[in-house]
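Trainee: Have a look at this one before I ask anything.
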Amino acid sequence: MRSVGFDPSSDYPLGSRRPDLVTTPGGVRLDGVTLDALRAGRLSGEDVRATPETLRRQAEVARAAGREQLAANFERAAELAAIPAEVILDVYTALRPHRSTAAELEDWAERLEREHGAPRCARFVREARAASLERGLLAHGQRR
Amino acid sequence: MSRQRSKRFLAREERELRREVLIAPRPDLGLVAMNGPGDPEPELEVDRGRVVALDGRREREFDVIDHFLVRHGLDLEVAAEVAALDDLELARRLVDVDVPRGQLVRLSRGLTPARLARVVSLLDPVEMMFALKKLRARRRPANQAHVTNLKENPALLAADAAEAAARGFAEVETTVGVSRYAPLNAIAILVGSQTGRPGVMTQCAVEERRNLQLAIQGLVTYAETLSVYGTEPVFVDGDDTPWSKAFLASAYASRGVKVRFTSGGGSEALMGHAEGCSMLYLEARCLSLIRAAGSQGVQNGAISCVALVLSVPGGVREILAENLLAAWLDLEVASGNDAIASHSPIRRTAKLMGQFLPGTDFVTSGYSIMPRRDNTFGGGNYDADDLDEWLTLQRDWQVDAGIEPAGEDEVVALREKAARAIQAVFEGLHFPPITDEEVAAATFGYESGDVPDRDRAADVQAADRVLAERIGGLDVARELDRRGFGDVAEAVIGIQRQRVSADYLQTSAIIGRDGTIEAAVNDPNDYTGPGSGYRLEGERWSMLQSLPYELDVQDLLDGQALAGDSLVVEAGEAHAGGPEDEVVIAVGPAFGDGLVATIGGLPHDDVLRALLDGVREGGARPRLVRIRRASDVAFIGHDGALLSGSGVAVGLQSKGTAVIHRGDLQPLDNLELFGMAPLYTLDSYRAIGHNAAGYALGRSVGPVPTTLDNFARAKVIVKTTLLHARETAACVPGAPPVELRLS
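Residue numbers (our numbering), protein chains in the order written: chain A, 228 to 371; chain B, 11 to 753.
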């Protein structure tokens, strides 16, 4: 995603150079994250984290600086930002050695793709599935 | 068979160094630093855009690391370009100031692990340091602190975090003895660090699930717990694959956690599966993987295996090569120096110089801000007791290694404020109270042994509440604000604001006091030789050189102020010729006047009386004169001897250095020289007078017994210089000597 008016090679740090582009998931502007807002009850815990859009902008910044893999990481992170932590940790566990069968990993890939709108993460899980199959790192009994 | 042992060999066996184990390389076990006989030849074979061979393995033999690297870790276009360059050419470019960092980083994207290891191994240590200086990602080096204590006392954690922050550490890491404590420790260092300096980033090294939860609640901002290894069996024993680790890194980033992987030489050997490869080659595989996984950085340089790497030849050089490789791969480097490397302070510091002098993104991956015993990371290569040494080394080399001086009053005030702040937060959240005694002990104590015990069961319950009730950074800020810590609350909110913009996720990012981000993106290392890059100068240099224990020159001259009249009275020009039993006591130009005591603090009039008594007791007749034309003890003594009826004189500088001289000797020769002025007592001067009389009367004289302190020079050379400068300033060129008497 390329945002209008956003130049990843000169707009970093977003917090100081482009605060206009940064909001919380609840839509609070960056300069609205203040002690006064907290006192007034206008902030909640959910409000103080990066949105998927902000993470994608950070990916653009990384890519513009020549850091392709860091950008890819931030793009996966952008997909994960909206996914509940419990689901993320389950996927992580499923990716660890000897935890999942090939079919289980494929299931995760499909869920990431369809339920969570996370195609990059899905592709990543499928890669892991192929490599684990190749190296005998699937749940026991799942060797090629 | 008994043999006689050399006492010198025996003495060396008792040194700290000999408590450690040095071994000859065992490449089969991975116990070889670099260029191991089992390391593969660099190789990269590409067939229609697909890597079919990598560093000695065909595609079907690829392990899980190779699979990950060929998918994410190699730029095949650049690979074709670097294939045309030989290793030496690449190595030379690393140390060529005219080849900028960006070009070298680009070339690294096409190099296989075996090639990376081979190229850096062509550099000697100084070349490696130079290349590291050039390749560091962030312009300015920084440092990370470790903050823990054996009792997991929150007031002490907060106070230590505050001190670390005030001393300029950009990051503060804690861990736990009991894992359920993690939320409390995280809150304590968050509050403490923001009290010391807003913007310091914090982490709590615990199991990943717990860590992620702390991040979600806004209690920590970075993690460096993601360990990777260079062989598949060790990777799998670590219960991960490259994909699971990379996924975890994305998970952390999605929750606003800056991620730094961990790797380091020796870990594969320690875990029994080095596959016959050298430490550096396996680390090159780790680092290639870390970049491929999309981590912004790494903590490496043997880390917890440092003592194992140091057991083999070239170990320290290998560690420096690891740091260099990481920087070449465009990773932020937290360069170890945290775990205890050696029993020997000499060896520890010699190793440190490899990172300290070039500067890395974090010179240590954890400087123990508290005494070693409280470091639950397992020691700490440098700790609270070493702070003044570290600061002095920075001052010696004019090098910024990320620690700032802080005076006792400032530190004590901040420690107390941080302990009070966490006390307030505990009260506000209805956690087990922190007593005033704990606050006082955290403020003034040496270590957790000085701090009262807490009800640990109750603390653990409070820690569980943090997770169950999702108590987060905002709640902490609210309680601080309600209880009069508005500025700390602002700082905690500032950290939450940083989580929203997520700028600190980028390579080498640290946060300044005012919230400004300093990262490789907006503040990259622009070193291209002399006159460029980060240099310690200007205000920062003034700050790092003005240490609290730097002395005022005036204080060194304490006790040299003349209280009333001069101690001696001048009585006209002195002439040669006197009785044959005469011994001249010749003093320097400032004696008893501009200066009134020796460097050892003996009053000049007492010294003179002792000398006079000594001469008389020896049977000779003393005469006092002042030499005005010279401040050097040899000339003072020799000029005196030329005046003396016996030809013998005692020369005495104001600082107490003395000589027994005789007129027929060359000025720089003497009968006896007494150069250890700080060690002398009045009895020494009496004995000097006595001996001088003996020489004058032609008796056979044994030298005055003197003691030797080899550190005397180091201790007093500055004061010596100041006193001598004053004596020299009192010289009057060509002025004749004058008679003198005690007033």
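From the three backbone atoms N, C-alpha and C, an ideal C-beta is built for every residue, glycine too.
Given the structure is predicted, the values throughout are model-derived calculations rather than measurements.
Could you say if the stretch 335-346 of chain B and the stretch 295-313 of chain B meet the contact criterion of at least three C-beta pairs nearer than 8 Å?
Mentor: In short, these stretches touch, since the Cβ pair count reaches three.
Trainee: Answer yes or no: does any C-beta atom of chain B fall closer than 8 Å to that of T261 of chain A?
Mentor: yes
Trainee: Can you list, in chain order, the residues of the stretch 285-308 of chain A whose Cβ is nearer than 9 Å to any Cβ on chain B?
Mentor: Q285, V288, A289, A291, A292, G293, R294, E295, Q296, L297, A298, A299, N300, F301, E302, R303, A304, A305, E306, L307 and A308
Trainee: Just the chain B side, please: which residues come within less than 7 Å of E361 of chain A by C-beta, in chain order?
Mentor: H77
Trainee: Keeping to the same chain, check which residues put their C-beta closer than 7 Å to that of A101 of chain B; ignore five residues upstream and five downstream.
Mentor: V129, L132 and L133
Trainee: Could you give the DSSP three-state label for Q213 of chain B: helix, strand or coil?
Mentor: strand
Trainee: I'd like to know if R371 of chain A contacts chain B, where contact means its C-beta is closer than 8 Å to some C-beta of that chain.
Mentor: Because R371 of chain A carries a pLDDT of 46, less than 50, the predicted location of this residue cannot be relied on, and the following value inherits that uncertainty. No, R371 of chain A lies away from the interface with chain B (no Cβ there is under 8 Å from its Cβ).
Trainee: Can you list, in chain order, the residues of the stretch 270-285 of chain A whose Cβ is nearer than 9 Å to any Cβ on chain B?
Mentor: L270, S271, G272, D274, V275, R276, A277, T278, P279, T281, L282, R284 and Q285
Trainee: May I ask you to verify whether the stretch 307-320 of chain A touches the stretch 258-267 of chain B, counting CB pairs closer than 8 Å and requiring at least 3?
Mentor: The stretch 307-320 of chain A is in contact with the stretch 258-267 of chain B.
Trainee: On a Cα-Cα basis, can you pick out the residue from B:S518, B:R633 and B:G548 that is closest to L145 of chain B?
Mentor: Selected option, being the one with the closest Cα: B:S518.
Trainee: So which residues of chain A does N532 of chain B contact, with C-beta pairs closer than 8 Å?
Mentor: Y239 and P240
Trainee: V249 of chain A touches chain B at which residues, Cβ-Cβ below 8 Å?
Mentor: V510 and S511
Trainee: Looking only at its own chain, which residues have a Cβ that is under 6 Å from the Cβ of G655 of chain B, when we skip the five neighbours before and after it?
Mentor: G588, P589, E590 and E592
Trainee: Please report the residue range of the beta strand (DSSP E) in which F271 of chain B lies.
Mentor: From DSSP, the beta strand (DSSP E) with F271 of chain B extends over K268 to T272.
Trainee: Starting from A63 of chain B and walking both ways along the beta strand (DSSP E), at which residues does that stretch end?
Mentor: R60 to L64
Trainee: Can you tell me which of the three DSSP states P246 of chain A falls into?
Mentor: helix
Trainee: For a test of the three-state rule: what should DSSP assign to P613 of chain B, helix, strand or coil?
Mentor: Taken through DSSP and simplified to helix, strand or coil, P613 of chain B comes out as strand.
Trainee: Which two residues bound the contiguous alpha helix (DSSP H) that contains I75 of chain B?
Mentor: V74 to H82
Trainee: Assuming contact is defined by CB atoms lying nearer than 8 Å, are T250 of chain A and R256 of chain A in contact in what I supplied?
Mentor: yes
Trainee: What separation, rounded to the nearest whole angstrom, lies between the Cα atoms of R638 of chain B and P746 of chain B?
Mentor: 7 Å
Trainee: Using the three-state DSSP reduction, which class does P558 of chain B fall into: helix, strand or coil?
Mentor: coil
Trainee: Between F179 of chain B and A147 of chain B, is the Cβ-Cβ spacing less than 8 Å?
Mentor: no
Trainee: Can you tell which of B:M138, B:H82, B:L86 and B:P123 has the C-alpha that lies nearest to the C-alpha of D106 of chain B?
Mentor: B:M138
Trainee: Using a beta-carbon distance cut-off of less than 9 Å, what residues from the stretch 314-342 of chain A approach chain B?
Mentor: I315, L316, V318, Y319, T320, A321, L322, R323, P324, H325 and R326
Trainee: Relative to chain A, which residues along the stretch 295-319 of chain B have a C-beta separation below 8 Å, given in chain order?
Mentor: Interface annotation for the stretch 295-319 of chain B against chain A: R301, A302, A303, G304, S305 and Q306, criterion Cβ-Cβ distance under 8 Å.
Trainee: For P323 of chain B, which residues in the same chain have their Cβ closer than 7 Å to its Cβ, ignoring the five residues on either side in sequence?
Mentor: Taking C-beta separations shorter than 7 Å and ignoring five residues to either side along the sequence, the partners of P323 of chain B in its chain run P35 and A43, following chain order.
Trainee: Kindly give me the distance between the Cβ atoms of S664 of chain B and G598 of chain B, rounded to whole angstroms, as I take these residues to be in contact under 8 Å.
Mentor: 5 Å
Trainee: Quick test of your reading: G240 of chain B and R295 of chain B, contact by CB under 8 Å. State the CB separation rounded to the nearest angstrom.
Mentor: 4 Å
Trainee: Listed from N- to C-terminal order along the chain, which residues in the stretch 343-360 of chain A have their beta-carbon within a distance smaller than 7 Å of any beta-carbon of chain B?
Mentor: So the close ones are F351, E354, A355, A358 and S359.
Trainee: Do you know offhand how far M228 of chain A's Cα is from V435 of chain B's?
Mentor: Note on M228 of chain A: pLDDT 45, under 50, position unreliable in the model; the coordinate value appears next. If you take the alpha carbons of M228 of chain A and V435 of chain B, they lie about 42 Å apart.
Trainee: Do you know whose CA, among B:H648, B:D57, B:P110 and B:D65, lies nearest E87 of chain B's CA?
Mentor: B:D57
Trainee: Near D513 of chain B, which residues of its chain fall below 8 Å by C-beta distance, leaving aside the five closest residues on each side in sequence?
Mentor: Non-local beta-carbon contacts of D513 of chain B in its own chain, meaning distances under 8 Å to residues more than five positions away in sequence, involve A519, I527 and A529 in chain order.
Trainee: Taking E399 of chain B as the reference, give the member of B:G388, B:V186 and B:P415 with the closest Cα.
Mentor: Checking every option, the nearest Cα to that of E399 of chain B belongs to B:P415.
Trainee: Can you name, in chain order, every residue of its own chain whose Cβ lies under 7 Å from the Cβ of C741 of chain B, other than the five neighbours on each side?
Mentor: P599, R638, R639, A640 and S641
Trainee: For F366 of chain B, would you say it is in contact with chain A, using Cβ-to-Cβ distances shorter than 8 Å as the test?
Mentor: no
Trainee: Name the chain B residues whose beta carbon is nearer than 7 Å to that of L364 of chain A?
Mentor: V74, V246 and T251
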